[in-house]
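Notes follow the structure.
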Amino acid sequence: MKPLEGTDEEKKQIIENYENDCKLLSRTVEDKKDNIGIKRMISSGVIESLLFIFSNRDLNSITRTYSQAFFHITNNSSNEINLLLLEKKPYPGLIRLLEHTDDLIASDAIASIFNILAAGSNTPSDTDPHPHFESIQACDGIKKIFALFQKNASKFRRDRSALCIGYLFRAQQITDQIMRNEIISHLKSLLNDSDAWVKGRAKNALKYLAQNEVNRTEILKYIDLKKIEQDLKQPFVGTQQLQKSIIQKQETHLLLLSSVLEFRNDNEFRKQIISSDVIETSDEIKLLIYSKKPYPGLIRLLEHTDDNIASVSIILIFFLLGAASNTTPISDPHPHYDSIQACDGINKIFALFQKNVSKFRRDRSAICIGFLFRAQQITDQILRNEIISHLKSLLNDSDAQIKDCAKNALKYLAQDKSNRSEIMKGFNLTAITNNLQKELKGTKNEKKEILQKQETDLLLLSSVLHSREDFQFLSDAINTGIIDILLQIFASRDLEEITR
Numbered sequence: 001m002k003p004l005e006g007t008d009e010e011k012k013q014i015i016e017n018y019e020n021d022c023k024l025l026s027r028t029v030e031d032k033k034d035n036i037g038i039k040r041m042i043s044s045g046v047i048e049s050l051l052f053i054f055s056n057r058d059l060n061s062i063t064r065t066y067s068q069a070f071f072h073i074t075n076n077s078s079n080e081i082n083l084l085l086l087e088k089k090p091y092p093g094l095i096r097l098l099e100h101t102d103d104l105i106a107s108d109a110i111a112s113i114f115n116i117l118a119a120g121s122n123t124p125s126d127t128d129p130h131p132h133f134e135s136i137q138a139c140d141g142i143k144k145i146f147a148l149f150q151k152n153a154s155k156f157r158r159d160r161s162a163l164c165i166g167y168l169f170r171a172q173q174i175t176d177q178i179m180r181n182e183i184i185s186h187l188k189s190l191l192n193d194s195d196a197w198v199k200g201r202a203k204n205a206l207k208y209l210a211q212n213e214v215n216r217t218e219i220l221k222y223i224d225l226k227k228i229e230q231d232l233k234q235p236f237v238g239t240q241q242l243q244k245s246i247i248q249k250q251e252t253h254l255l256l257l258s259s260v261l262e263f264r265n266d267n268e269f270r271k272q273i274i275s276s277d278v279i280e281t282s283d284e285i286k287l288l289i290y291s292k293k294p295y296p297g298l299i300r301l302l303e304h305t306d307d308n309i310a311s312v313s314i315i316l317i318f319f320l321l322g323a324a325s326n327t328t329p330i331s332d333p334h335p336h337y338d339s340i341q342a343c344d345g346i347n348k349i350f351a352l353f354q355k356n357v358s359k360f361r362r363d364r365s366a367i368c369i370g371f372l373f374r375a376q377q378i379t380d381q382i383l384r385n386e387i388i389s390h391l392k393s394l395l396n397d398s399d400a401q402i403k404d405c406a407k408n409a410l411k412y413l414a415q416d417k418s419n420r421s422e423i424m425k426g427f428n429l430t431a432i433t434n435n436l437q438k439e440l441k442g443t444k445n446e447k448k449e450i451l452q453k454q455e456t457d458l459l460l461l462s463s464v465l466h467s468r469e470d471f472q473f474l475s476d477a478i479n480t481g482i483i484d485i486l487l488q489i490f491a492s493r494d495l496e497e498i499t500r
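With the UniProt record's numbering applied, the sequence shown closes on residue 500, and no number is skipped along the way.
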C-alpha cells in the first residue's frame with residue numbers, strides 16, 4: 001500500500017486513487033458471492049491495506065467508500081472466506097470505526113463485525129464460548145459495541161450491536177448487569193421484528209446466551225407460560241390484520257421458548273411447559289406447523305439417546321396427528337399418513353413403542369399409530385396385535401386424557417374391517433351385560449373397581465360402534481339387555497357416579 005505522504009495535492013491524489021479502487025472493489029463483489037475473486041483480493045493484500053487504513057488513518061479522512069467495500073466483502077462471502085479474514089486481525093480497525101462521526105461508516109463496521117462473528121459461530125460446538133471473544137475483548141470491543149448500542153441513533157446499528165454481544169457471550173455470563181438486562185430485553189423484542197433475517201439471528205443470539213445459567217435466568221424473566229398458553233390458544237378470527245397480529249405474537253412466543261430449550265438438558269422447564277398445556281395449542285396452529293413439513297426432523301429425534309428429547313418429539317407428533325384427525329372425516333384415511341410413511345416414521349414410532357422404556361412414550365406411540373391407521377388396515381400382524389392390545393388396556397388408564405385418546409384411536413382403527421376384528425377379540429356382550437348389572441356395593445375401592453370395569457367395557461363398545469352402520473352388532477347389543485341396563489343406571493344411580 002502506498003503511504004499517505006507528500007504534498008497536500010499528492011496526498012489528495014493518493015486518497016482519490018484508493019477510493020476509486022474501493023469503488024471498483026465494491027462493484028465487483030456487491031450483491032454476488034465470488035469466493036474465488038475474494039480469495040484473490042485477500043492474497044493480494046487488499047484486505048490488509050483497508051485494515052491498516054481503519055486502524056491508523058485519521059478517522060475524518062476515512063470516507064464510506066472504504067468501509068462499504070469491506071462490508072461488501074464480508075456480506076457476500078462464505079463462512080470459509082470470513083474465517084480467512086479473521087486471520088488478518090480485522091477487529092481492531094473495525095472497532096475503531098464504530099466511533100466514526102459518519103453514522104453510515106459505523107453501520108458498515110458493526111455489520112462487518114457481525115458477519116465475521118457469525119462465521120465464527122458456525123465452527124465449534126454451539127455450547128462452547130465464542131472463539132472470537134478474546135480478540136474482540138483485547139481491543140475493548142465489547143464496551144465499544146455496547147456504547148454504539150446505547151447511542152440509540154439507528155435501529156440498524158442498535159440491532160446489530162445487540163446481535164454481536166449476544167453471539168460474543170455464547171455460553172458465558174454477561175457480568176455487567178445493565179448490559180445483560182438491556183441486550184437480552186432488546187434481543188427478545190427482535191423476535192417480533194418484521195425482518196425475518198433479524199428475527200432468526202435474535203433467536204440464535206438468545207439461544208447462545210441461554211447456555212449460561214445467569215443469562216438464562218434473565219431470559220426466563222420474559223417467559224410467562226400461562227400467557228403463552230392463552231395466546232397460543234387464541235382463535236384465528238377478525239380482520240386479516242388482526243389474524244396476522246395473532247400469528248406474529250404466537251411465533252414470538254415459540255421462538256423464545258425454542259431459544260431457551262435448544263441444547264439444554266432442562267427437564268424441569270420441559271415438564272413445566274408440558275404441564276402448562278402450552279403444547280396443546282389450537283388445531284389451526286398445529287396445521288400451520290404441519291405446512292412447514294416437520295415430520296422428517298421429529299421422526300429423526302425419536303432415536304435420540306436423550307429420552308427427554310424423544311418424549312418431546314413423540315408428543316409433538318401426537319398433537320399434530322390429533323389436529324388433523326379433528327379436522328377431517330373419520331371415515332377417511334389420516335391425511336398425514338403418507339408424510340409419516342415417507343420418512344419411515346411408522347416403523348420408528350413402533351420401535352419407540354417396543355423399547356418399553358417409558359409409559360409416557362409407549363402410550364403416545366401407540367395412540368399415534370392408532371391415529372395414523374384411521375380407516376385403513378394395519379397389515380403387519382405383530383404391529384396390529386400389540387398396538388390394539390395396548391390401546392385397549394389404556395381404556396382403563398388413570399389419566400382421563402390418555403383414556404379418551406385411546407378410545408379415539410380404537411374408534412379410528414375400527415373403521416377398517418381387519419382392525420375391527422382384532423379389536424373385537426375377547427369382546428363378549430354377555431360379559432359386558434353381566435358387569436353392568438353388578439351393584440355398586442362394598443368398600444370404596446371395590447365400588448371404584450366396579451365402576452372402572454364398567455367404564456372400560458362401555459368405552460370399548462363406544463369405540464367399535466362409532467360411525468359404524470353394523471345393524472347385526474347393534475341388534476345383538478340390544479338383545480343382551482345392555483340398553484335396558486344403561487337406562488336403569490340413568491334412572492337410579494347417583495348422578496355423580498354416572499360418567500360420560
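Every residue, glycine too, gets a C-beta built ideally from N, C-alpha and C.
Note that this is a predicted model, so its numbers are computed, not measured.
Consider the C-beta atom of residue i and the heavy atoms of the ligand NAD; say whether any pair is separated by less than 7 Å.
i   : result
S61 : For the structure depicted, the ligand NAD is absent and the ligand set is empty, with no information on it obtainable.
Under the assumption that residue i contacts residue j (Cβ atoms under 8 Å), give the Cβ distance between them as a whole number of angstroms.
i    : j    : result
Y222 : L256 : 7 Å
E182 : K144 : About 15 Å; that fails the 8 Å criterion.
N192 : T252 : 5 Å
H336 : L321 : 6 Å
R384 : N419 : 7 Å
F146 : L168 : About 10 Å; that fails the 8 Å criterion.
I387 : A366 : 5 Å
A375 : L391 : Rounded, the Cβ-Cβ distance is 16 Å, inconsistent with contact.
For a test of the three-state rule: what should DSSP assign to residue i, helix, strand or coil?
i           : result
A69         : helix
R300        : helix
G45         : coil
F373        : coil
T63         : coil
V237        : coil
residue 517 : Nothing about residue 517 can be reported from this structure: the residues present for the chain run from 1 to 500 only.
K88         : coil
H336        : coil
S313        : helix
D140        : coil
G322        : helix
Q173        : coil
D380        : coil
I330        : coil
T74         : helix
G93         : helix
Give every residue of the same chain whose Cβ lies closer than 6 Å to the Cβ of residue i, excluding the five residues on either side of it in the sequence, and list them in chain order.
i    : result
P92  : S55 and C139
N79  : A119 and N122
R180 : I174 and E218
D224 : none
E422 : R384 and I388
Assuming contact is defined by CB atoms lying nearer than 8 Å, are residue i and residue j in contact in what I supplied?
i    : j    : result
I412 : I330 : Note that residue 412 is Tyr in the sequence shown, not Ile. Yes, Cβ-Cβ distance for Y412 and I330 is below 8 Å.
L206 : G166 : yes
G370 : L410 : yes
F360 : S311 : yes
I402 : L372 : no
I53  : P90  : no
I73  : I38  : yes
V29  : N76  : yes
H186 : A210 : no
N356 : R364 : no
A69  : L97  : no
L51  : K23  : no
K203 : S245 : no
T63  : E16  : no
C343 : Y295 : yes
L302 : K348 : yes
F71  : S112 : yes
Counting only the same chain and skipping the five closest in sequence on each side, list residues whose C-beta sits under 7 Å from that of residue i.
i    : result
L298 : S313, L316 and I317
R157 : A106, S107, I110 and L148
F114 : R160, L163 and C164
Locate the alpha helix (DSSP H) running through residue i, then write down its first and last residues.
i    : result
K188 : Q177 to L190
V357 : That residue, V357, is in no alpha helix (DSSP H); it is neither H nor E in DSSP.
A118 : D103 to S121
C405 : A400 to L413
T217 : E213 to L220
D231 : L225 to L232
H130 : It is not in any alpha helix (DSSP H) - H130 carries neither H nor E in the DSSP assignment.
C343 : Looking at the DSSP string, C343 is not in any alpha helix (DSSP H), and its letter there is neither H nor E.
N396 : Where N396 is concerned, there is no enclosing alpha helix (DSSP H), given that its DSSP letter is neither H nor E.
D306 : Neither: D306 is in no alpha helix (DSSP H) and is coded neither H nor E.
R57  : First-last for R57: undefined, no H or E at that position.
N419 : K417 to M424
Once the 5 residues before and after residue i are set aside, which same chain residues still bring their CB inside 8 Å of it?
i    : result
S358 : D307 and S311
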